[in-house]
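A.B. asks: Residues 142 to 241 in our numbering are what the sequence shown spells out, letter by letter. We put the CB at the ideal spot given by N, CA and C, even for glycine. Structure incoming, see below.
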Amino acid sequence: MEDPKDTITIENVVASTAIEQELDLSRVAMDLEGADYDPEQFPGLVYRLDEPSVVALLFGSGKLVITGGKHPVDAEHAVDTIDSRLEDLGLLDGYGDRAK
142 MEDPKDTITI
152 ENVVASTAIE
162 QELDLSRVAM
172 DLEGADYDPE
182 QFPGLVYRLD
192 EPSVVALLFG
202 SGKLVITGGK
212 HPVDAEHAVD
222 TIDSRLEDLG
232 LLDGYGDRAK
């Protein structure tokens with residue numbers, strides 16, 4: 142019989158981080174193409190990325206939860222992508238990497 146530890150596969154990586162500022166999710170939802178925000182149903186904004194193929198949950202506090210990746214690097218790329226897109230839209234204060 143094969144040891145179960147030898148057949149472990151990663152199916153879904155869940156990662157969390159924070160942007161060092163609060164987010165106006167209503168404004169983010171209007172400006173960020175593909176964002177889904179319905180505060181009566183769920184307090185976070187749902188943002189699906191194609192590359193990497195993950196789902197990001199953004200909260201008004203600046204917290205982010207990234208799920209659906211197959212490797213930790215998928216979460217890192219997603220955070221970089223989100224940070225860049227929010228910066229390009231003028232939705233973040235300051236410059237440089239804010240996610241920690």
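Tell me which residues share the same chain as L166 and place their Cβ nearer than 8 angstroms to its Cβ, disregarding the 5 neighbours each side in the sequence.
C.D. replies: Sequence index remark: in the sequence shown, residue 166 carries index 25 (1-based). Counting only Cβ-Cβ distances below 8 angstroms, and skipping sequence neighbours, we find Y178, P180, G185, L186, L199, F200, G201.
A.B. asks: With distances taken from CA atoms, which of A216, G231, S225 is nearest N153?
C.D. replies: As a first step, residue 153 must be located in the sequence shown, where it is residue number 12. The candidate whose alpha carbon is nearest that of N153 is A216.
A.B. asks: DSSP has Y188 in a bridge; who is on the other side?
C.D. replies: Looking up residue 188 in the sequence shown gives position 47. Bridge partners of Y188: A176, A197.
A.B. asks: Rounded to the nearest angstrom, what separates D140 and I160 at their Cα positions?
C.D. replies: A question about residue 140 goes unanswered here, because the residues of the chain that appear run from 142 up to 241.
A.B. asks: Mind checking V169: buried by the 16 CB within 10 Å criterion, or exposed?
C.D. replies: Within the sequence shown, residue 169 is the residue found at index 28, counting from 1. Looking at its Cβ environment, which holds 16 or more other Cβ atoms inside 10 Å, V169 is buried.
A.B. asks: Taking all protein chains shown into account, do 16 or more other C-beta atoms lie within 10 angstroms of the C-beta of R226, making it buried, or fewer, making it exposed?
C.D. replies: Numbered from 1 along the sequence shown, position 85 holds the residue referred to as residue 226. Buried: at least 16 other Cβ atoms inside 10 Å.
A.B. asks: Using the rule of at least 16 other Cβ atoms within 10 Å of the residue's Cβ for burial, across every protein chain shown, is G210 buried or exposed?
C.D. replies: For this step, residue 210 is matched to residue 69 along the sequence shown. Buried, since its Cβ has 16 or more Cβ neighbours within 10 Å.
A.B. asks: Going by DSSP, what residue range makes up the alpha helix (DSSP H) through L227?
C.D. replies: Indexing the sequence shown from 1 puts residue 227 at position 86. Looking at the DSSP string, the run of the alpha helix (DSSP H) that includes L227 is 213-229.
A.B. asks: At which residues does the beta strand (DSSP E) containing L205 begin and terminate?
C.D. replies: Working through the sequence shown from its first residue, we reach residue 205 at position 64. Run containing L205: 204-210, per the beta strand (DSSP E) assignment.
A.B. asks: Quick check on T150: does DSSP put it in helix, strand or coil?
C.D. replies: Working through the sequence shown from its first residue, we reach residue 150 at position 9. Coil, per DSSP.
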